[in-house]
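Accompanying notes for the structure given below.
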Amino acid sequence: YTQVSSTPVKSLQHPSDDVVWIASLDGIISSWDGSTMNEVGNLSSVISNCHNEQGLLGFEFAHDFSDSQEILLSYTEDADCDGGSNLSGMVIASVEIVNDRVNLNSLVELRNVAKENRNHNGGNLHSLNDGTYLWSLGDGGGSGDPYGNGQNEHNPLGTIQYFAYANKTIQPVLDTYGNDSDYVLHHGLRNPWKFDTDDQGRIWIADVGQYCYEEVNLVTLLDQSNFGWSEREGMHIYDPSDDCTSPPDELTDSTLTDPIIEYPHAGGNCSITGGFWMDWGPDFLQNSYLYGDFCTGSIWQITESNDGFQSDYVTGVGTYITGFGQGINDELLIFSWTGEIYHLIAL
Numbered sequence: 017y018t019q020v021s022s023t024p025v026k027s028l029q030h031p032s033d034d035v036v037w038i039a040s041l042d043g044i045i046s047s048w049d050g051s052t053m054n055e056v057g058n059l060s061s062v063i064s065n066c067h068n069e070q071g072l073l074g075f076e077f078a079h080d081f082s083d084s085q086e087i088l089l090s091y092t093e094d095a096d097c098d099g100g101s102n103l104s105g106m107v108i109a110s111v112e113i114v115n116d117r118v119n120l121n122s123l124v125e126l127r128n129v130a131k132e133n134r135n136h137n138g139g140n141l142h143s144l145n146d147g148t149y150l151w152s153l154g155d156g157g158g159s160g161d162p163y164g165n166g167q168n169e170h171n172p173l174g175t176i177q178y179f180a181y182a183n184k185t186i187q188p189v190l191d192t193y194g195n196d197s198d199y200v201l202h203h204g205l206r207n208p209w210k211f212d213t214d215d216q217g218r219i220w221i222a223d224v225g226q227y228c229y230e231e232v233n234l235v236t237l238l239d240q241s242n243f244g245w246s247e248r249e250g251m252h253i254y255d256p257s258d259d260c261t262s263p264p265d266e267l268t269d270s271t272l273t274d275p276i277i278e279y280p281h282a283g284g285n286c287s288i289t290g291g292f293w294m295d296w297g298p299d300f301l302q303n304s305y306l307y308g309d310f311c312t313g314s315i316w317q318i319t320e321s322n323d324g325f326q327s328d329y330v331t332g333v334g335t336y337i338t339g340f341g342q343g344i345n346d347e348l349l350i351f352s353w354t355g356e357i358y359h360l361i362a363l
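Take my numbering: the last position of the sequence shown gets the number 363, and nothing is skipped along the way.
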């Protein structure tokens with residue numbers, strides 16, 4: 017389909033032009049019209065790429081883009097790669113678009129969440145098309161959630177954040193505690209790299225596992241939920257010494273929400289890459305949730321029936337899958353670690 021400067025992380029159809037904008041991990045935002053790729057923004061001076069999970073992780077056109085000409089950005093802030101206490105925080109920022117280019121001088125940092133390690137950033141940013149947005153944050157990094165962030169409902173790490181944006185400010189939509197805890201919509205997540213919402217008011221969250229299991233979670237969007245990490249990995253009690261043979265947990269803790277699908281690391285699988293709710297694109301994918309695995313390049317779709325949820329293999333691609341995107345004409349795009357973007361057509 018096309019190629020970008022480094023690992024692509026997100027594509028969006030432009031609200032008013034017949035192009036897609038594509039964000040890459042190295043901080044470059046490009047515009048693709050079907051034949052020509054043009055750079056429209058360079059965030060490399062404000063982001064950190066010290067770790068291969070860091071960089072520009074997401075973006076969204078503001079809900080009022082036609083008036084404000086603003087986009088929102090999700091990235092790891094610039095920091096010294098030598099270590100020490102100066103680790104990159106996770107940032108939400110706004111920036112203005114002037115003459116179809118990002119005006120870096122207009123950048124406004126809206127929220128900065130401190131982290132203990134460089135990995136497990138999450139970073140997906142999603143507009144609900146009403147002036148509110150969702151933002152995923154990983155558990156802060158390190159093996160096994162060493163700081164217990166996942167089960168701390170007041171900590172922003174390991175969560176889906178929910179906020180409203182207008183006039184270069186953000187604020188939580190919820191009003192439970194009267195402080196920053198109100199940003200937390202869902203918690204108990206390890207590294208929610210990608211998620212999506214569907215036309216039934218639900219959120220699909222692909223959460224990257226530790227040693228043994230990858231999972232997909234599904235709940236009503238505003239039904240605040242605890243997905244279990246680091247008490248559980250997938251449907252299983254989490255044990256750092258686990259050999260991946262423990263049976264599923266019988267959910268003795270009723271406060272935890274089961275994933276609808278899990279899959280093991282057997283056969284070379286290693287890391288789930290969500291995912292879209294497909295109410296567009298090829299007919300054979302309609303009304304299903306699409307996801308893949310980074311290491312094997314396998315792609316599956318989840319369908320729902322009266323009998324529950326079923327995950328079926330769709331195809332495999334010979335590349336490390338980092339995400340999926342929507343093309344100019346609703347093509348389903350597959351992002352690869354090395355910068356190539358592929359187009360999946362009906363089989």
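Don't be surprised by glycine CBs; every beta carbon is placed ideally from N, CA and C.
Predicted model only: the values in this text are computed from it and were never measured.
Suppose contacts are defined by Cβ-Cβ distances below 7 Å. Is residue i in contact with residue j by that definition?
i, j, result
"THR331", "ILE315", "yes"
"TYR307", "ALA222", "yes"
"TYR229", "GLU278", "yes"
"SER40", "VAL20", "yes"
"ASP313", "VAL333", "Reading the sequence as shown, one finds Gly at residue 313 and not Asp. Cβ distance < 7 Å, so GLY313 and VAL333 count as in contact."
"GLY291", "LEU348", "no"
"GLY194", "GLY244", "no"
"ASN140", "GLY74", "yes"
"PRO256", "GLY160", "yes"
Rounded to whole angstroms, what is the Cα-Cα separation between residue i and residue j?
i, j, result
"ASP346", "ARG248", "37 Å"
"TYR227", "SER246", "12 Å"
"MET53", "LEU28", "14 Å"
"GLY343", "VAL36", "7 Å"
"THR192", "GLN240", "12 Å"
"THR236", "ASN303", "16 Å"
"TYR18", "SER262", "Here the sequence assigns Thr to residue 18, which means Tyr is not the residue at that position. Computed Cα separation, rounded: 43 Å."
"HIS142", "LEU123", "19 Å"
"ARG127", "ASP323", "42 Å"
"HIS359", "ASP299", "15 Å"
"PRO171", "GLY164", "In the sequence under discussion, the amino acid at residue 171 is Asn, which differs from the Pro named in the question. In a straight line, the C-alpha of ASN171 is about 10 Å away from that of GLY164."
"ILE219", "ILE276", "12 Å"
Assuming residue i contacts residue j under a Cβ cut-off of 8 Å, what Cβ separation, rounded to an integer in Å, is found between them?
i, j, result
"PRO24", "ILE38", "6 Å"
"ASP155", "ASN233", "Not really, about 15 Å apart at Cβ, beyond 8 Å."
"ASN135", "HIS67", "6 Å"
Identify the residues that DSSP records as bridge partners of residue i: which are they?
i, result
"VAL107", "TYR91, ASN128"
"HIS202", "ILE176"
"TYR279", "GLU230"
"VAL235", "ILE219"
"TYR329", "TRP316"
"ASN119", "GLU112"
"PHE310", "Bridge partners of PHE310: none, in fact."
So, does the stretch 336-344 touch the stretch 294-308, judging by three or more C-beta pairs under 8 Å? yes
Within 8 Å, do at least three Cβ pairs link the stretch 106-116 to the stretch 68-86? yes
Does the count of Cβ pairs from the stretch 154-170 and the stretch 80-90 closer than 8 Å reach three? no
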